[in-house]
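Engineer: Numbering (this note's numbering), first residue to last: 19 to 307.
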Ligand SMILES: C[S@@+](CC[C@H](N)C(=O)[O-])C[C@H]1O[C@@H](n2cnc3c(N)ncnc32)[C@H](O)[C@@H]1O
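#1: Which residue from 117, 264 and 51 puts its Cα closest to that of residue 59?
#2: Where do the N-terminal and C-terminal ends of the alpha helix (DSSP H) with residue 207 fall, by residue?
#3: Could you check the C-alpha separation between residue 43 and residue 207 for me, to the nearest Å?
#4: I'd like to check one pair, residue 67 with residue 157: are the Cβ atoms closer than 8 angstroms?
#5: Can you give me the C-alpha to C-alpha distance between residue 196 and residue 45, rounded to a whole angstrom?
#6: When the distance is taken between beta carbons, is residue 87 closer than 8 angstroms to residue 62?
#7: Run through the DSSP bridge pairs and tell me what residue 143 is partnered with.
#8: Do you know whose CA, among 33, 90 and 97, lies nearest residue 152's CA?
#9: Does residue 73 pass the burial test, meaning 16 or more other C-beta atoms within 10 Å, or should it be called exposed?
#10: Restricting to Cα atoms, I'd like to know which of 226, 203 and 204 is closest to residue 13.
#11: How many angstroms separate the CA atom of residue 33 from the CA atom of residue 122?
#12: Would you identify the three-state DSSP class for residue 182, choosing helix, strand or coil?
#13: Cβ-heavy atom distance between residue 166 and ligand 1 below 7 angstroms?
#14: Whole angstroms is fine: what's the gap from residue 120's alpha carbon to residue 250's?
#15: State buried or exposed for residue 98, treating a residue as buried only when at least 16 other CB atoms are found within 10 Å of its CB.
#16: The beta strand (DSSP E) with residue 242 in it runs from where to where?
#17: Can you list, in chain order, the residues of its chain whose CB lies under 6 angstroms from that of residue 294, leaving out five sequence neighbours each side?
#18: What are the boundary residues of the alpha helix (DSSP H) that residue 232 is part of?
#19: So what does residue 261 bridge to, in DSSP terms?
#20: Along the alpha helix (DSSP H) that carries residue 169, what are the first and last residues, could you check?
#21: Taking 7 angstroms as the cut-off, does the CB of residue 124 come closer than this to any heavy atom belonging to ligand 1?
#22: Using the C-alpha atoms, what's the distance from residue 92 back to residue 71?
#23: Could you spell out where the alpha helix (DSSP H) holding residue 88 opens and where it closes?
#24: With a CB to CB cut of under 8 angstroms and the five nearest residues on each side skipped, what residues in its chain are close to residue 125?
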């Protein structure tokens, strides 16, 4: 953990980015777009998150709650895992930083009230405490073990209303093959329809995937600095969204030669002058996410 992360855990965060976690701008934009479009279309329903850590993604989910809707988060926080493999995962990645009270402090820095909190293994949700068909969005981001993720996907399926959306984290990371297995099993044998793939998350539905894709294509992602591609998997279309890679800046040959040949003091001075000139000329593009 970096000093910056320690500070964020110990004192209330000032900005959402100050909350440690693995929820980055591309998926923040995708969550925000999908949830806001549901709200604008009058789609009501609860939101469920399996695996919240210190609240980075939960805070955004809370932003989208409409009157009468409920956010439930389920996490072990500082309680024991139910099996040795899950305990090892917890010890390696979360134990040093994660407490329920840190999650609560982070969440309350941005919202007036806490969500419903289930401090337990996500398998506890299989008891039906989340009413069937009650949710419009479920984020699965808890254990990476195949058996657990397969169970989490079953919980999401039961909880989601028609056309509800599920986001499944870490479906393609090298260190999480169990997640990949569970996700693609759900696609090929469980009726889960892919909607969108980002580097971190798989988005799908057991409802109308084409309608969800249209919602995504209603935004000009390219103008905001993202790439949009389309693939077909076993006859199903799926979108892919990623960050545009900025081309490396090519220096002109005389400028490169001058910077290479000048003594360090002169090079620093030259760079300062060039930077000042560039800044005077520059109009900084602003990207809202
Ligand atoms: C990757 S983190 C979640 C990150 C968070 N969604 C974010 O975007 O910042 C995974 C979380 O899952 C929790 N977790 C791991 N195994 C679990 C299990 N079997 N049941 C409930 N929570 C679990 C961990 O405590 C950890 O907080």
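A virtual CB, placed ideally from N, CA and C, is assigned to each residue, including glycine. Values in this document were obtained by computation on a predicted structure and should not be read as measured data.
Structural biologist: Reading off the structure:
#1: 51
#2: 195 to 208
#3: 32 angstroms
#4: yes
#5: 21 angstroms
#6: yes
#7: Beta-bridge pairing links residue 143 to no other residue.
#8: 90
#9: buried
#10: No answer is possible for residue 13: the residues shown for the chain start at 19 and end at 307.
#11: 15 angstroms
#12: For residue 182, the three-state secondary structure derived from DSSP is strand.
#13: yes
#14: 42 angstroms
#15: exposed
#16: Residue 242 -> no beta strand (DSSP E), and no H or E assigned at all.
#17: In this prediction, residue 294 scores a pLDDT of 41, lower than 50, which makes its location untrustworthy; the coordinate-derived value is nonetheless stated afterwards. Excluding positions up to five away in sequence, the list is empty.
#18: 227 to 235
#19: 244
#20: Residue range 164 to 177 is occupied by the alpha helix (DSSP H) that includes residue 169.
#21: With a cut-off of 7 angstroms, the C-beta of residue 124 is classified as distant from ligand 1, since no heavy atom of the ligand falls inside that distance.
#22: 10 angstroms
#23: Unbroken run through residue 88: none, as it is neither H nor E.
#24: Only 73, 76, 77, 80, 132 and 133 meet the Cβ criterion.
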